[in-house]
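Residue numbers (my numbering): 13 to 464.
Each residue gets a CB set at the ideal place from its N, CA and C atoms; glycine is no exception.
Data first, discussion second: the structure below is written as structure tokens.
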């Protein structure tokens, strides 16, 4: 199926890139709607409107993994591998899709068919049957509305006469070409037909490519997108990351990569060390994209987390653009004759450059609302059996916001109920400082942590 990428619908750079989530952690598929008002438009305005709303709330960007309009178009939000912001307590385990309807509006057959196709793809990518859920199955809310929720509970059926969404040709092809070079190549390698080049910078903690600076200058003179890679050895991961970023001749907008494969001695870094290296480089160079290079054997047999930073660069010497993996990939190295040659999933050199320069360092104090101080604790006498007051409503609403509203069938409201007690207890048990006194009744410490 065709998924319209963030670049294609004109997404803004992330306001702090969301965390990467391995597909192995996904167990649920959540369906949402837009809210109380009908949506009377389709096209890129749909994800752009959601993005604007979520950015105004101080979020990183669109909170859903995907968005579907009434015409059946599927738009990438956080995609397959970024943590969502759609349902507290389920943002890691749950993939989410918003179908762009509101109020009592009915979803179109095209929208439902696209959603079902997306669900099937999600099950295929995760290797399991994901639980079908509406937003209200995660927290107390009206979302996804009566029509969509009934459809989810019926098993997400689709009209057999409705044509399935068109296939995504980008999954089997890519449109720009590039090379990767090391000291084995000259400093004036051919750039003919290329849009990008990756240059070996470092290896372990003691090797620097003596031709790196000249090779990078040659690529820049040709107007190519430039990347650098580090050949990872096992051990001393933080030191290797620092060595890489200190020694490579990178500039703002260059892509950084880790080469994960067997060393000349037959040793190899573990999957955990690979993940640590990527995260450490992202921490040291937050304004750069960081990607993973490995071959099919390492990806399918050595990798256990599916973490590839900002993208997967896969080596598989088959037809260009058709690597033999199910995971999303960014770059495909398809031959080493006469030089390591790659194809990348960008419409143009300009698109790749825009992607490479689209990282913004997360600045917690900029563009995000400052945390409000916790309201003062009203006193224990306001909570428990027989109590009825506004403080109980405030408590319940905050429990729902924090993802601990699962015991509310309705509400929350001002009258104390056993659902309030169970939700408070669940919150207390989830916090070490409270677990020793998890009686389901809020005290000053529970209140302070809940509202902080």
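Residue 188 versus 414, 360, 13 and 280, residue with shortest Cα-Cα distance: As a working note, residue 188 is residue 176 in the chain shown. Here the closest residue by C-alpha is 360.
For the stretch 213-266, list the beta strand (DSSP E) runs that are entirely contained and at least 3 residues long, ordered along the chain. 237-243
CB-CB under 8 Å to residue 331, same chain, minus the five flanking residues each way: which ones, in chain order? One-based indexing of the chain shown puts residue 331 at position 319. Excluding sequence neighbours, residue 331 sits near 346.
Classify residue 421 as helix, strand or coil using the three-state DSSP reduction. Locating residue 421 in the chain shown gives position 409, where the first residue counts as 1. Note: residue 421 maps to coil in three-state DSSP.
Tell me the DSSP secondary structure of residue 395 in three-state form. Taking the chain shown and counting its residues from 1, one reaches residue 395 at position 383. Residue state, collapsed to three classes: coil.
When 38, 339 and 454 are compared against residue 403, the one with the closest alpha-carbon: Mapped onto the chain shown, residue 403 falls at position 391. Nearest of 38, 339 and 454 to residue 403, Cα basis: 454.
Residues that DSSP places opposite residue 306 in a beta bridge: For the purposes of this step, residue 306 is taken as the residue at position 294 of the chain shown. Beta-bridge pairing links residue 306 to 326.
Would you report the Cα separation of residue 167 and residue 206, rounded to the nearest angstrom? Counting from one through the chain shown, the residue named residue 167 turns up at place 155. Counting from one through the chain shown, the residue named residue 206 turns up at place 194. Cα to Cα, residue 167 sits roughly 48 Å from residue 206.
Helix, strand or coil, according to DSSP, for residue 94 in the structure here? Within the chain shown, the letter at position 82 stands for residue 94. DSSP places residue 94 in strand when its eight states are reduced to three.
Could you pull the start and end residues of the beta strand (DSSP E) that residue 528 belongs to? Only positions 13 to 464 of the chain appear in the structure, and residue 528 is not among them; the question remains open.
Alpha carbon to alpha carbon, what distance is there between residue 260 and residue 58? Taking the chain shown and counting its residues from 1, the one referred to as residue 58 is at position 46. Taking the chain shown and counting its residues from 1, the one referred to as residue 260 is at position 248. Spanning the two alpha carbons is a distance of roughly 41 Å.
Identity of the residues DSSP links to residue 209 by a beta bridge: For the purposes of this step, residue 209 is taken as residue 197 along the chain shown, with counting starting at 1. In DSSP, residue 209 forms a bridge with 191 and 238.
Looking at residue 56: is its Cβ nearer than 8 Å to the Cβ of residue 146? Within the chain shown, residue 56 is the residue found at index 44, counting from 1. Within the chain shown, residue 146 is the residue found at index 134, counting from 1. Taking 8 Å as the Cβ cut-off, residue 56 and residue 146 do not qualify as a contacting pair.
How would you label residue 294, buried or exposed, when you count the other beta carbons within 10 angstroms and need 16 or more for buried? Start at 1 with the first residue of the chain shown, and residue 294 comes out as number 282. When all chains shown are included, residue 294 counts as buried.
Between residue 87 and residue 21, is the Cβ-Cβ spacing less than 8 Å? Against the chain shown, residue 87 aligns to sequence position 75. Against the chain shown, residue 21 aligns to sequence position 9. Going by C-beta atoms, residue 87 is nearer than 8 Å to residue 21.
Selected residue, minimal CA-CA separation from residue 230, among 392, 210 and 282: Within the chain shown, numbered from 1, the residue matching residue 230 stands at position 218. Nearest of 392, 210 and 282 to residue 230, Cα basis: 210.
Can you tell which of 248, 241 and 363 has its C-alpha closest to the C-alpha of residue 325? For this step, residue 325 is matched to residue 313 along the chain shown. Answer by Cα proximity: 241.
Beta bridge counterpart(s) of residue 289 as assigned by DSSP: Within the chain shown, residue 289 is the residue found at index 277, counting from 1. In the DSSP output, where bridge partners are listed per residue, residue 289 has none listed.
Would residue 51 and residue 99 qualify as a contact pair, given that the criterion is a beta-carbon distance under 8 Å? In the chain shown, the residue the question calls residue 51 occupies position 39. In the chain shown, the residue the question calls residue 99 occupies position 87. Their beta carbons are not under 8 Å apart, which means residue 51 does not touch residue 99 by this criterion.
In chain order, what residues of the same chain lie with their CB nearer than 8 Å to the CB of residue 308, ignoring the 5 residues before and after it? Taking the chain shown and counting its residues from 1, the one referred to as residue 308 is at position 296. Excluding positions up to five away in sequence, the list reads 326, 327, 328, 335, 336 and 337.
Can you tell me which of the three DSSP states residue 153 falls into? Locating residue 153 in the chain shown gives position 141, where the first residue counts as 1. In this structure, residue 153 counts as coil in the three-state DSSP scheme.
For residue 51, three-class secondary structure by DSSP: Within the chain shown, numbered from 1, the residue matching residue 51 stands at position 39. Residue 51 falls in the coil class under three-state DSSP.
Taking only the alpha-carbon atoms, compute the straight-line gap between residue 469 and residue 96 and give it to the nearest angstrom. Nothing about residue 469 can be reported from this structure: the residues present for the chain run from 13 to 464 only.
Which residues in the same chain as residue 316 place their Cβ atom closer than 6 Å to its Cβ, once the five residues preceding and following it in sequence are excluded? In the chain shown, counting from the first residue as 1, residue 316 sits at position 304. Result list for residue 316: 283, in chain order.
Can you tell me which of the three DSSP states residue 161 falls into? For the purposes of this step, residue 161 is identified with residue 149 of the chain shown, where counting begins at 1. DSSP places residue 161 in helix when its eight states are reduced to three.
Per the DSSP calculation, residue 268 is bridged to which residue(s)? The residue you call residue 268 lines up with position 256 of the chain shown. According to DSSP, which records beta bridges pairwise, residue 268 is partnered with 240 and 302.
State the start and end residues of the unbroken alpha helix (DSSP H) segment that holds residue 342. In the chain shown, counting from the first residue as 1, residue 342 sits at position 330. Residue 342 -> no alpha helix (DSSP H), and no H or E assigned at all.
What does the alpha-carbon distance come out to for the pair residue 110 and residue 320? Numbered from 1 along the chain shown, position 98 holds the residue referred to as residue 110. Numbered from 1 along the chain shown, position 308 holds the residue referred to as residue 320. Their backbone Cα atoms lie some 26 Å apart in a straight line.
Simplified DSSP assignment, three categories, for residue 471: Only positions 13 to 464 of the chain appear in the structure, and residue 471 is not among them; the question remains open.
Inter-residue Cα distance where the pair is residue 181 and residue 341: By 1-based counting over the chain shown, the position of residue 181 is 169. By 1-based counting over the chain shown, the position of residue 341 is 329. Residue placement at residue 181 is poorly supported in this model, since its pLDDT is 40, which falls under 50; the coordinates still yield a value, given next. Roughly 13 Å separates the two Cα atoms.
In whole angstroms, what separates the C-alpha of residue 257 from that of residue 386? Indexing the chain shown from 1 puts residue 257 at position 245. Indexing the chain shown from 1 puts residue 386 at position 374. Between residue 257 and residue 386, the C-alpha separation is close to 41 Å.
Just to confirm, is the Cβ distance from residue 244 to residue 269 under 8 Å? On the chain shown, position 232 is the one that residue 244 refers to. On the chain shown, position 257 is the one that residue 269 refers to. No; because the gap between Cβ atoms is not below 8 Å, this pair is not in contact.
If I follow the unbroken alpha helix (DSSP H) through residue 443, where does it start and stop? The count along the chain shown starts at 1 and reaches residue 443 at position 431. From DSSP, residue 443 is part of no alpha helix (DSSP H); its letter is neither H nor E.
With burial defined as no fewer than 16 other Cβ atoms inside 10 Å of the residue's Cβ, what is the status of residue 184: buried or exposed? For the purposes of this step, residue 184 is taken as the residue at position 172 of the chain shown. Only weak support is given to the placement of residue 184: the predicted model assigns it a pLDDT of 41, under 50, and the question is left unresolved by the model.
Residue 435 in three-state terms, based on DSSP: Position 423 of the chain shown, counted from the first residue, corresponds to residue 435. Residue 435 falls in the helix class under three-state DSSP.
Grab the span of the beta strand (DSSP E) containing residue 42 for me, first residue to last. Here the question's residue 42 lines up with position 30 in the chain shown. Per DSSP, residue 42 belongs to the beta strand (DSSP E) from 40-44.
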